[in-house]
Each structure stands twice: as structure tokens, then as C-alpha cells.
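Same order as they appear, the protein sequences are chains R and G. Everything in the first sequence is counted per numbering that gives the first Met the number 0, starting at 0 for the first residue and increasing by one. Everything in the second sequence is counted per numbering that gives the first Met the number 0, starting at 0 for the first residue and increasing by one. Below is one structure; the comments refer to it alone.
Number of protein chains: 2
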Amino acid sequence: MTAAPRARRSDATRAAILRAARERFAADGYDRATIRAIAAEARIDPSMVMRYYGSKEGLFAAAVEFDLRLPALTELPPEQLGGLLVRHFLDRWEGDETLAALVRTATTNPGAAERMRTIFAEQLAAAMSGLGDPTEAPRRAGLVASQILGLALTRYIIRLPPVVDMDPAELVAWVAPTVQRYLTGPTPAWA
Amino acid sequence: MTAAPRARRSDATRAAILRAARERFAADGYDRATIRAIAAEARIDPSMVMRYYGSKEGLFAAAVEFDLRLPALTELPPEQLGGLLVRHFLDRWEGDETLAALVRTATTNPGAAERMRTIFAEQLAAAMSGLGDPTEAPRRAGLVASQILGLALTRYIIRLPPVVDMDPAELVAWVAPTVQRYLTGPTPAWA
DNA sequence: TGTCGATGTCAACGAGCGTTGGCCTACAGT
DNA sequence: ACTGTAGGCCAACGCTCGTTGACATCGACA
Chain R
0 MTAAPRARRS DATRAAILRA ARERFAADGY DRATIRAIAA EARIDPSMVM
50 RYYGSKEGLF AAAVEFDLRL PALTELPPEQ LGGLLVRHFL DRWEGDETLA
100 ALVRTATTNP GAAERMRTIF AEQLAAAMSG LGDPTEAPRR AGLVASQILG
150 LALTRYIIRL PPVVDMDPAE LVAWVAPTVQ RYLTGPTPAW A
Chain G
0 MTAAPRARRS DATRAAILRA ARERFAADGY DRATIRAIAA EARIDPSMVM
50 RYYGSKEGLF AAAVEFDLRL PALTELPPEQ LGGLLVRHFL DRWEGDETLA
100 ALVRTATTNP GAAERMRTIF AEQLAAAMSG LGDPTEAPRR AGLVASQILG
150 LALTRYIIRL PPVVDMDPAE LVAWVAPTVQ RYLTGPTPAW A
């Protein structure tokens, strides 16, 4: 349980730092984002960042707390799961730059990669756990993640022109069947 | 045309630098890899790297020249394209660390992202250009890239356990139908 | 053999970074 | 009104990095 959230006089500053941190980390990734740039954007001194978050790593950890806000998949129309999930991820991605910060950083920073694995396991895989064969659920969740993260990578990070230019609805129409099959399709035969 | 490749006495050194560079860039990404570490691994002085490649950026550009070695897609059995492509990418990825270097770097480095876009356009999209409706081909190529790169990201970079643990054959069996549909499936209806 | 460019080593510069400690200021509790 | 403490700024340290230039050495060619 979090301790009593006694209002501190510095709460506004702390929030400004966090907001600036998310913005810089999302735009530049962990290494290229600097405490100095974050402080400048929050219009405070770099030393305040240290005082409130201890270190750059501490700030990053605080800045990338993230909730996918996945709905309970078992309560949705089973045949629409793919489309709903893809749409939800697109919305979530465009409404919160935290995910960009995480992916940009996770490719080179072991801690951020671990955070992504945790989010995956505790949120996506957990949300899917009641869907089918429990021994197969993690693999299916992994496949869903591969398509969803690949979509995010090509659309928002690397920015492949055709993927950037596609309408969200068109994207959903193309990708939803893939996710749907990973979620509820039959296990393919393999040697 | 490349100029006459007159043998230089330093060719072995240059090759050693390039090999070390690929290894460090692949493991750490552009920012975290240091000229000093690359030089140490190549057992030469950091200043030699500068002499032969001009700058860290120049070294990176030389180190990530990359050929996907895609076969001519129009000459393959059309109904096996998906499986063959997925298998080819997995092999290519595991046999050459250059791709890891590129993806690790492209998330934070605009130049590397541009290089990825070029590889995509000149190699993947180009290889697919004879496959179907030319106005639709780039979009289909983008979708293929999203699934393939997502697979690479989750398996080799972020290392989501279920995706890491899956057998290559199992992975191909799951993902091939996705790629196959992106390549040759009907255009989905969308509002 | 003598010469000159290519090859390689060494030490250092200058910049940017995370981080620290000292100091001033302003507000809350008495 | 007094005082302690939290909030805030400034200057600097120590480190690592890319990069540079001076100097030593080797090897091909005349």
C-alpha cells in the first residue's frame, strides 16, 4: 500500500519533472535524453531531479509506470477480440507517450526490457489467461505481442511510410484477423 | 562501381574493426557502443578507427551495410511464400548480427531509422513489387514488415520468454499464415 | 640502401554527462 | 515574530566519450 499521500508543497514540481521526463524519454530514449534537458523542459534545476528521484534510473522507473488498461478479454464478444485489441492498442499508443519511451529504451537497456517483459506477463498474458488451454496461453500472448509491437515499431518508431500512411481503420481491418487467430485460432500443425 | 579494390596493407585491420563494430553495435546499440570498446576488441588503437572510417557515424554506416538476400518472390510457389519468408528471416537474423545492430539503433537514431526504411523499400518492397496490385504492394510490404520485425523484436531484442522458447518450426507454423495473407490475401473491407 | 607514405601508438583536449554539496529563500508551526 | 525545514538555484567535481595531432615504425620501391 502506498503511504498516506500527504500533500507536499513540491507536488507540482514533481509532476512537472515526470511529465517532462516522459516526453524526453519518449522522444529520445533513455540514453539520449539528459537530466539537464528534462530539467530545462520542467523549468527547474537538474539537481531537483536528483533530490526527488535519486538518479536518472530512478526517474526513468517512475516515469514509465504503465497500465495497458486492457479490458477483461473473457467478457468481450469472442469473435471480435482481435479487432478490439488492435484498436485498443492503437488508441493507447497514441494517447500516451510512455509506450514509446519504453520501446525506444528497451532495445538497449536491460532494465527497460525487463519492464516490458513484466508488463507483457502481468497485463497481456494475465488478461488472456482465462481464454483457452492454459499451457498454450503464454505462447499465444507472445504471438499477439509480436504483431502488436511490430505494428508500433514500424508505425511510430521506425515510421515506415506505408504503415504510417494507413488509416487506423484500415490497419485494424488488416491486422485484426491475425490477432484473432493468435488468440482463438486452432493450433497449427508443425513437425 | 566500386573502385579497383587495390589490396592495402591495412585491410586486415579494417576488417577487424568492422567485425568488432558489428559485434558491439549489435550487443549495445549505437549510443552505448564506444569507439574505445570496439578498438579494444579489434586490438588496435581508437585513433585507427577514426583514420579509416572518419567518425563513429561513418563506422556505423560502414558496419550496417546489409543485404536481406531475399529470393525473387515471383519465382516461388505462391502458396508457400509466407512460410518461406518467415523461415528466411529467422535464418538471416540468427546468422548475421547486423540486423540486431540496426534495430537496436533505429529506435533512437534517425540515421539508422532511415537506413531501415531504405532496406525496407529497396529490398522487401522491391522484391514484392511484381506480386499483385502495384498500388497495394507497399502497404502489404509494410504489414509483412510489421509482423517480421515484431517477431524479431520480441524474440531477439526484448526476449519475451514464450517467444524465445518457441521452436523455429513452431514459430513458422504460427506466423506463416499471417505473412501469407498480407502477401496474397484479399484486401479486407473497411469503412 | 635510402626514402617516403602508410600503419600504428600515445597523450591529451574539449565537451557533455550524472551527480554532489553549499547556499539562499520562503513558508509552516509555534 | 521566530525558527526550522523543505524547496530551489548555482557552481563544480569527476568521469567518459569522440576526436585530434604529434611522434614512432614498418615496408615497398627506387
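The beta carbon of each residue, even a glycine, is placed where N, CA and C say it ideally should be.
Note on Gly-141 of chain R: 16 or more other CB atoms within 10 angstroms of its CB, so buried under the neighbour-count rule.
Shown here, Val-63 of chain R sits in coil according to DSSP, grouped into three states, outside any helix or strand. Within the segment 108 to 163 of chain G, no run of beta strand (DSSP E) at least 3 residues long lies entirely inside it.
According to the DSSP assignment, Ser-46 of chain G belongs to the alpha helix (DSSP H) that extends over 45 to 52. At a C-beta separation below 9 Å, Arg-116 of chain R has these neighbours in chain G: Ile-157, Arg-158, Leu-159 and Pro-160. With respect to the 8 Å criterion, Ala-151 of chain G and Trp-189 of chain G are not classified as neighbours on the basis of their beta carbons. Nearest Cα to Glu-64 of chain G within the set G:Glu-113, G:Met-49 and G:Glu-135: G:Glu-113. Pairwise C-beta distances place the segment 13 to 31 of chain R in contact with the segment 98 to 113 of chain R, as three or more of them are shorter than 8 Å.
Look at Ala-144 of chain G: its C-beta is under 8 Å from a C-beta on chain R.
In the same chain as Asp-30 of chain G, and ignoring 5 residues on each side of it, the C-beta atoms closer than 7 Å to its own belong to Thr-107, in chain order. The Cβ of Ala-60 of chain G sits no closer than 8 Å to any Cβ of chain R.
The count of Cβ pairs closer than 8 Å, one atom from the segment 6 to 16 of chain G and one from the segment 158 to 170 of chain R, stays below three, leaving the stretches out of contact.
Along the segment 107 to 141 of chain R, going in chain order, the ones with a CB nearer than 7 Å to a CB of chain G are Thr-107, Ala-112, Met-115, Arg-116, Phe-119, Pro-137, Arg-138, Ala-140 and Gly-141. DSSP places Gln-179 of chain R inside the alpha helix (DSSP H), whose first and last residues are 167 to 183. In the three-state reduction of the DSSP assignment, Trp-92 of chain R falls in the helix class.
Only residues of its own chain outside the window of five on either side were considered, and among them Ala-124, Met-127, Ser-128 and Leu-130 have a CB closer than 8 Å to the CB of Ala-136 of chain G, listed in chain order.
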